[in-house]
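Written below as structure tokens is the structure these notes are about.
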Amino acid sequence: MAKAIYYGKQTIDQRDIDAVCEVLHSNLLTQGPYVGRFERDLANYVEAPYAVACSNGTAGLHLACMGLGITQGDEVWVSAVSFVASANCARYCLANVRFVDIDPMTGNISIKALEKMLAHTEHLPKALIVVHMGGNSCDMRAIAQLCQAHSIAIIEDACHALGSTYHNEPVGNCRYSDCCVFSFHPVKTITTAEGGMVTCKDPKLAKQLRQFASHGISKDIDDWSHPDPAPWYYEQHTLGYNYRLSDLQAALGIAQLHRIDSFLQERRAIIERYEQAFANHGLLHMQQITANSCSAYHLALIQCADKNIRQKIYQALAEDHIFCQLHYIPIYRQPYYRKLNSTEFNEYPGAEAHYQQALSLPVYPTLSIDEQKRIIKVIEQTLRPYLQLAN
Ligand SMILES: Cc1ncc(COP(=O)(O)O)c(C=O)c1O
Numbered sequence: 003m004a005k006a007i008y009y010g011k012q013t014i015d016q017r018d019i020d021a022v023c024e025v026l027h028s029n030l031l032t033q034g035p036y037v038g039r040f041e042r043d044l045a046n047y048v049e050a051p052y053a054v055a056c057s058n059g060t061a062g063l064h065l066a067c068m069g070l071g072i073t074q075g076d077e078v079w080v081s082a083v084s085f086v087a088s089a090n091c092a093r094y095c096l097a098n099v100r101f102v103d104i105d106p107m108t109g110n111i112s113i114k115a116l117e118k119m120l121a122h123t124e125h126l127p128k129a130l131i132v133v134h135m136g137g138n139s140c141d142m143r144a145i146a147q148l149c150q151a152h153s154i155a156i157i158e159d160a161c162h163a164l165g166s167t168y169h170n171e172p173v174g175n176c177r178y179s180d181c182c183v184f185s186f187h188p189v190k191t192i193t194t195a196e197g198g199m200v201t202c203k204d205p206k207l208a209k210q211l212r213q214f215a216s217h218g219i220s221k222d223i224d225d226w227s228h229p230d231p232a233p234w235y236y237e238q239h240t241l242g243y244n245y246r247l248s249d250l251q252a253a254l255g256i257a258q259l260h261r262i263d264s265f266l267q268e269r270r271a272i273i274e275r276y277e278q279a280f281a282n283h284g285l286l287h288m289q290q291i292t293a294n295s296c297s298a299y300h301l302a303l304i305q306c307a308d309k310n311i312r313q314k315i316y317q318a319l320a321e322d323h324i325f326c327q328l329h330y331i332p333i334y335r336q337p338y339y340r341k342l343n344s345t346e347f348n349e350y351p352g353a354e355a356h357y358q359q360a361l362s363l364p365v366y367p368t369l370s371i372d373e374q375k376r377i378i379k380v381i382e383q384t385l386r387p388y389l390q391l392a393n
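In my numbering, the protein residues as written are 3 to 393.
Spelled out as structure tokens, the structure:
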């Protein structure tokens, strides 16, 4: 039987194993020196003033919403096509969520749709959550311009985009946003198994995020309302969570971050080979990358000419044990959100087109050239009858 290939996979080698073992042999498995080191390394990498580690990307999004003061009665607007966590974070804070349509070519929030919603909505959102789909940066300059005019905070869901750039600057530096959130789930650019990071520019916000991630507790004497000289003293000021990353995970993250350039190179080479294979016929095309964006290619997103062709490709690949994914079912289609908002699907033509036609092909650093040839061959064989029909 042919070896199974999945759409994404971690890349682990002996250096990762050694890094984790070193922590296992130490006294501190959770809050030792590695978490701070990983935060500094990641902040340096994305050129952000502050980085706060957390237990996963979902926790990071929740922290970002809490840190920006999102609360009951607030509106938060979210890109219509993403993983549900991009919207759930606002619901954790009891905000009302509204969705903004996407551009099916890029998979990112549609600037035109955002502009239109802003012009026609009375109750403007407190925050907008944009998603860099598959690592393709949104047009952050245009988004920031629109949001700044209405004092709307911006959270970048960059769970796919560690290693991506926008106007030659790393996604994560928060030049155009308040917070940027990364995930280190195994299929992402680097992994800590579960793990996440929030970057920001504002020192006060960074401090708040850190407190929310650790039960709302402050160990900083300057914050205390009832200072006590006892060495064991601390104060809880808000209702926080245990959203901390452990030293074990941080050690893995540091080792992975050292190799991010080669991971990105491999991903980009794979995408180039897909681009070459699928050029020159109209039956499918690769995701269109935003001008001035350089994607980390968390996903190899294709758009098929129609849902029938998408289904045929998915099925033929699955029969050869090649397992693709659809990123994503539009969030407004989820029963939870349908109960909350009475949504007409035709309000989101971009998201609906994407939903009918998108598919994520395998991309990860250890995908071999032979494995990729196998994928391409199955797709070419599947498309052949349609190409003959067209001639
Ligand atoms: C766009 C997006 N946002 C948020 C998340 C949540 O990240 P995590 O799985 O680390 O909680 C994911 C995870 O897949 C994601 O793809």
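For every residue, glycine included, the Cβ atom is placed at its ideal position computed from N, Cα and C. Nothing here was measured: the structure is a model prediction, and the numbers come from that model.
Those runs of the beta strand (DSSP E) which lie wholly inside the segment 49-107 and span at least 3 residues: 52-56, 77-81 and 98-102
Tyr-9 burial status per 10 Å Cβ neighbour count (16 or more: buried): Here the question's residue 9 lines up with position 7 in the sequence shown. Tyr-9 should be labelled buried.
Output needed for Gly-69: all residues of its chain with C-beta closer than 6 Å, excluding positions within five of it in sequence on either side, in chain order. Stepping through the sequence shown from its first residue, residue 69 is reached at position 67. Excluding residues within five positions, the ones whose Cβ falls inside 6 Å are Leu-207, Gln-210 and Leu-211.
Just to confirm, are Gln-359 and Gln-278 a CB contact at a threshold of 8 Å? What you label residue 359 is simply residue 357 of the sequence shown in a count that begins at 1. What you label residue 278 is simply residue 276 of the sequence shown in a count that begins at 1. Against a cut-off of 8 Å, the Cβ pair of Gln-278 and Gln-359 comes out as no contact.
What are the boundary residues of the beta strand (DSSP E) that includes Ile-156? The residue you call residue 156 lines up with position 154 of the sequence shown. 155-159 is the span of the beta strand (DSSP E), which, as asked, contains Ile-156.
Assuming contact is defined by CB atoms lying nearer than 8 Å, are Glu-117 and Leu-148 in contact in what I supplied? As a first step, residue 117 must be located in the sequence shown, where it is residue number 115. As a first step, residue 148 must be located in the sequence shown, where it is residue number 146. Taking 8 Å as the Cβ cut-off, Glu-117 and Leu-148 qualify as a contacting pair.
Please look up how many angstroms separate the CB atoms of Ser-397 and Val-48, rounded, as I've assumed it's under 8 Å. Since the displayed the chain opens at 3 and closes at 393, residue 397 lies outside it and no answer follows.
DSSP bridge partner residues for Leu-286 (one or two, in chain order): Reading the sequence shown from its first residue, position 284 is the one you call residue 286. BP columns for Leu-286 point to Cys-306.
State buried or exposed for Ala-151, treating a residue as buried only when at least 16 other CB atoms are found within 10 Å of its CB. In the sequence shown, counting from the first residue as 1, residue 151 sits at position 149. Ala-151 should be labelled exposed.
Whose C-beta lies closer than 7 Å to the C-beta of Asn-294 among residues of the same chain, with five residues either side of it excluded? For this step, residue 294 is matched to residue 292 along the sequence shown. Excluding sequence neighbours, Asn-294 sits near Tyr-168 and His-169.
Give the DSSP bridge partners of Thr-167, in chain order. Locating residue 167 in the sequence shown gives position 165, where the first residue counts as 1. Note: Thr-167 sits in a beta bridge opposite Pro-172 and Cys-296.
Close Cβ partners of Gly-255 (< 7 Å) along its chain, the five nearest in sequence each way excluded: Counting from 1 along the sequence shown, the entry for residue 255 is found at position 253. So the qualifying residues of the chain are Phe-40, Phe-186, Ile-192, Thr-194 and Gly-197.
From the DSSP secondary-structure annotation, give me the bridge partner or partners of Thr-201. Position 199 of the sequence shown, counting from 1, holds the residue named residue 201. Bridge partners of Thr-201: Ala-53 and Cys-182.
What would DSSP say about Asn-29, mapped onto helix, strand or coil? The residue given as residue 29 occupies position 27 in the sequence shown. Three-state DSSP puts Asn-29 in coil, outside helix and strand.
Inter-residue spacing [alpha-carbon to alpha-carbon] between Cys-56 and Pro-364: Translated into the one-based positions of the sequence shown, residue 56 becomes position 54. Translated into the one-based positions of the sequence shown, residue 364 becomes position 362. Whole-angstrom Cα-Cα distance: 28 Å.
Would Ser-264 count as contacting chain B if we go by Cβ distances under 8 Å? Of the protein chains in this structure there is only one, and it is not chain B.
Tell me where the beta strand (DSSP E) around Leu-363 begins and ends. By 1-based counting over the sequence shown, the position of residue 363 is 361. Unbroken beta strand (DSSP E) run through Leu-363: 360-363.
If we count Cβ pairs, one from each stretch, closer than 8 Å, do we get three or more for the segment 175-189 versus the segment 155-164? yes
Counting along the chain, where does the beta strand (DSSP E) carrying Ile-131 start and finish? Taking the first residue of the sequence shown as 1, we reach residue 131 at position 129. 129-133 is the span of the beta strand (DSSP E), which, as asked, contains Ile-131.
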